[in-house]
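In mature numbering (1 follows the signal peptide of the UniProt record, and there is no 0), the protein residues as written are -24 to -1, 1 to 236.
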């Protein structure tokens, strides 16, 4: 998993605060409305295929009108279901990837700028404890390619008191995305000393994610997750990965949660 900051921390919290109606904390005829903010650090590869790690914010903002908070995987992109149809839900998805400079990677390769990704997702509950999800996002800057993820999660929970989830992940990218991070043009081969390499699109990695959240009292809780991805296919065979990066892509985060 790369460092995909859902939104800068302060912006997310400000948006969450603005979204809470003034009467959210007041009694009334409607069900009680609650908001939960999760905020802490996460450690993840600095860019796709990197053997270096960066620290970024581990953030999530959730709201519920009644009952328990809806499940969200700790590694899914920032987004919110807009349409619910039975056990199915659809909505927008957004991602962010930090820039990769030649000095970061240690070779004279083209810079990949900061990437803002926008797209959508669809998810379905096959059973109350099994959710499947697929999402696709287009890079509006930076790599300018398409990236997607297919996931499944087994969920065990006791309301909002505690929740544990675990499940597989498959990450995909098109040729433009893979060329940005794993390709070496003939010109770049001359300046970097790496072999020229022209990857195609397809599966980038396979992995697994586990997450846990537990309330420590009425308002405060703790959240943590771990994820491991293994690059496969053209991404794994790239000379950038083999000589300057790593096929192993672990990430982890720990955070406090506050519910009000």
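Every residue, glycine too, gets a C-beta built ideally from N, C-alpha and C. Predicted model, so just to flag it, every value in this text is computed and none were measured.
Check your understanding: For residue 188, which residues from the same chain have a beta carbon less than 6 Å from its beta carbon, with the 5 sequence-adjacent residues on both sides left out?
Key -> 140, 200
Check your understanding: Going by the beta-carbon positions, is the gap between residue 177 and residue 209 smaller than 7 Å?
Key -> no
Check your understanding: So, using beta-carbon positions, are residue 15 and residue 29 closer together than 7 Å?
Key -> no
Practice item. Report yes if the CB atom of residue 90 is closer than 7 Å to the CB atom of residue 70, and no otherwise. Key: no
Review point. Could you check where the beta strand (DSSP E) with residue 68 kicks off and where it finishes?
Key: 64 to 73
Exercise for review: Following the continuous beta strand (DSSP E) through residue 20, name the residue where it begins and the one where it ends.
Suggested key: Element bounds for residue 20: 10 to 21.
Point to revise | residue 91, DSSP secondary structure in three states | key: strand
Point to revise | Cβ-Cβ distance between residue 195 and residue 161 below 7 Å | key: The answer is no: Cβ separation not under 7 Å.
**Study point:** Buried or exposed by the 16-neighbour rule on C-beta atoms within 10 Å, applied to residue 17
**Key:** Counting Cβ neighbours within 10 Å, residue 17 comes out exposed, since fewer than 16 surround it.
Point to revise | Coarse secondary structure for residue -3, derived from DSSP in three states | key: Residue placement at residue -3 is flagged as unreliable, the pLDDT there being 40, under the threshold of 50; the coordinate-derived value follows with that caveat. Of the three classes helix, strand and coil, the one that applies to residue -3 here is coil, per DSSP.
Exercise for review: Within the same chain, show all residues whose beta-carbon is closer than 8 Å to that of residue 128, passing over the 5 residues directly before and after it, in chain order.
Suggested key: 106, 107, 108, 109, 143, 144
Exercise for review: Tell me whether the beta-carbon of residue 119 lies closer than 7 Å to the beta-carbon of residue 173.
Suggested key: no
Practice item. Kindly indicate which three-state DSSP category residue 60 falls into: helix, strand or coil? Key: strand
Review point. Could you give the residue range of the beta strand (DSSP E) that holds residue 113?
Key: 106 to 115
Review point. What are the boundary residues of the beta strand (DSSP E) that residue 189 is part of?
Key: DSSP places residue 189 in the uninterrupted beta strand (DSSP E) bounded by 178 to 191.
Review point. From 43, 231, 230, pick the residue whose C-alpha is nearest to that of residue 133; which is it?
Key: 43
Check your understanding: Taking Cβ to Cβ, would you say residue 158 is nearer than 7 Å to residue 211?
Key -> yes
Review point. Under three-state DSSP, which class holds residue 219?
Key: helix
Point to revise | Which of helix, strand or coil DSSP assigns to residue 155 | key: Per DSSP, reduced to three states, the secondary structure at residue 155 is helical.
Practice item. Run the CB neighbour count on residue 166, radius 10 Å, all protein chains shown included, and call it buried at 16 or more, exposed below. Key: exposed
Review point. What did DSSP end up calling residue 80 once you bin it into helix, strand or coil?
Key: The three-state secondary structure of residue 80, taken from DSSP, is helix.
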